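**Student:**
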Amino acid sequence: MGLEENLPNGVLLTSVEKLVNWTRKSSLWPATFGLACCAIEMMTTGAPRYDLARFGMEVFRASPRQADLMIVAGRVSNKMAPVLRQIYDQMPEPRWVLAMGVCASSGGMFNNYAIVQGVDHVVPVDMYLPGCPPRPEMLIDAILKIHAKIMDEPLGEKRAAELKASGYRTPMVPSSVKFAPKAKQLGALKTTHTPDVPNILEPGAQPKDTARSLTAGEAEELPSLADAARRSAGEE
Numbered sequence: 019m020g021l022e023e024n025l026p027n028g029v030l031l032t033s034v035e036k037l038v039n040w041t042r043k044s045s046l047w048p049a050t051f052g053l054a055c056c057a058i059e060m061m062t063t064g065a066p067r068y069d070l071a072r073f074g075m076e077v078f079r080a081s082p083r084q085a086d087l088m089i090v091a092g093r094v095s096n097k098m099a100p101v102l103r104q105i106y107d108q109m110p111e112p113r114w115v116l117a118m119g120v121c122a123s124s125g126g127m128f129n130n131y132a133i134v135q136g137v138d139h140v141v142p143v144d145m146y147l148p149g150c151p152p153r154p155e156m157l158i159d160a161i162l163k164i165h166a167k168i169m170d171e172p173l174g175e176k177r178a179a180e181l182k183a184s185g186y187r188t189p190m191v192p193s194s195v196k197f198a199p200k201a202k203q204l205g206a207l208k209t210t211h212t213p214d215v216p217n218i219l220e221p222g223a224q225p226k227d228t229a230r231s232l233t234a235g236e237a238e239e240l241p242s243l244a245d246a247a248r249r250s251a252g253e254e
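Under the numbering used here, the first residue of the sequence shown is numbered 19, with each subsequent residue one higher.
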């Protein structure tokens with residue numbers, strides 16, 4: 019009713035990119051890749067209480083060839099990493115990845131030799147969802163933010179050139195910039211950051227060290243940890 023009243027003479031003008039992206043974001047088919055406890059919350063999101071079908075996501079596809087959104091729910095072990103990459107490669111373009119939970123995003127509490135410290139070491143990630151585990155409302159909110167990201171993506175050769183320029187990694191735009199009312203007016207969306215992370219499937223890959231040492235002046239300004247501990251013990 020509201021759409022017909024607001025359209026002048028029943029005509030709507032748009033671009034091909036906007037129309038195609040609108041259809042894509044309105045019919046995302048997720049691929050099931052539940053690995054740990056976060057998968058329980060993902061299953062709950064698809065249940066009738068939260069009704070994920072409202073957003074065109076009625077069916078979780080067990081076949082990657084019929085899916086375009088991979089929800090990695092849980093920690094990824096080093097043995098599972100090649101399987102994850104194989105399933106991602108079998109998904110048709112365009113495809114998107116959502117890292118659900120801190121374990122999938124950064125390794126979480128499992129900082130050891132057996133767990134991948136972030137699924138972005140294996141596949142490019144479009145959305146990071148924190149939480150241990152995140153609630154269904156948080157997962158729905160992350161999916162809606164992916165919808166907003168899809169609406170701004172180019173098509174065809176433009177998309178291929180953008181992926182190649184970013185090293186086939188998803189440019190990260192802070193939510194404070196992405197969804198700020200004045201962000202588009204100021205052109206802040208052009209400022210992006212691509213995380214410099216190694217692919218664990220590449221032999222000899224090492225993370226880039228971006229840390230720096232403190233200067234003498236900065237070190238003098240920092241309080242001594244021992245003095246702070248003694249003061250804390252005295253106050254108690």
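Glycine residues also receive a C-beta, built at the ideal position from the N, C-alpha and C atoms.
Bear in mind that the values here come from a model prediction, so they are computed numbers and not experimental data.
Between V29 and G125, what straight-line distance do the alpha-carbon atoms span, to the nearest angstrom?
**Tutor:** Approximately 50 Å between the Cα atoms of the pair.
**Student:** Per DSSP, F51 is paired with what?
**Tutor:** V90, per the DSSP bridge assignment.
**Student:** What's the C-alpha gap between L102 and V140?
**Tutor:** L102 and V140: Cα-Cα distance of roughly 8 Å.
**Student:** In this structure, how does DSSP classify R263 when only helix, strand and coil are distinguished?
**Tutor:** Outside the shown range of the chain (19 to 254) lies residue 263, about which nothing can therefore be said.
**Student:** In terms of DSSP beta bridges, what is A296 paired with?
**Tutor:** Outside the modelled stretch of the chain, which goes from 19 to 254, sits residue 296, for which no answer is possible.
**Student:** Taking E76 as the reference, give the member of Y68, N129 and R83 with the closest Cα.
**Tutor:** For the residues Y68, N129 and R83, the minimum Cα distance to E76 belongs to Y68.
**Student:** Pull up the distance between the alpha-carbon of A99 and that of P82, whole angstroms please.
**Tutor:** Going by the C-alpha atoms only, they are around 16 Å apart.
**Student:** Across which residues does DSSP place S95 in a beta bridge pair?
**Tutor:** Paired residues: I133.
**Student:** Are the beta-carbon atoms of W114 and D144 separated by less than 7 Å?
**Tutor:** Contact flag set, yes.
**Student:** Can you list, in chain order, the residues of its chain with a C-beta nearer than 6 Å to that of M74? Leave out the 5 residues immediately preceding and following it.
**Tutor:** Sequence inspection shows Gly at residue 74; the Met mentioned does not correspond to that position. Answer for G74: S44 and S45, listed in chain order.
**Student:** Return the CA-CA distance between K163 and Y146, expressed in angstroms with no decimal places.
**Tutor:** Looking at the two C-alpha atoms, the distance is approximately 11 Å.
**Student:** Is it the case that the Cβ atoms of C56 and M127 are separated by a distance below 7 Å?
**Tutor:** The answer is no: Cβ separation not under 7 Å.
**Student:** Using the Cα positions of W40 and M61, report the straight-line distance between them to the nearest angstrom.
**Tutor:** About 25 Å.
**Student:** Considering only residues of the same chain and omitting the five flanking positions on each side of P154, which have a CB-CB separation below 7 Å?
**Tutor:** Result list for P154: E59, T62, T63 and Y68, in chain order.
**Student:** Are the Cβ atoms of G86 and W47 separated by less than 7 Å?
**Tutor:** Position check: residue 86 holds Asp in this sequence, whereas Gly was assumed. Yes, the pair counts as a contact, with Cβ atoms nearer than the cut-off.
**Student:** Give the single residue among P110, S95, R72 and N96 whose Cα lies nearest to the Cα of N88.
**Tutor:** Here residue 88 is Met; the residue named in the question, Asn, does not match the sequence. Taking only the C-alpha atoms, the option nearest M88 is P110.
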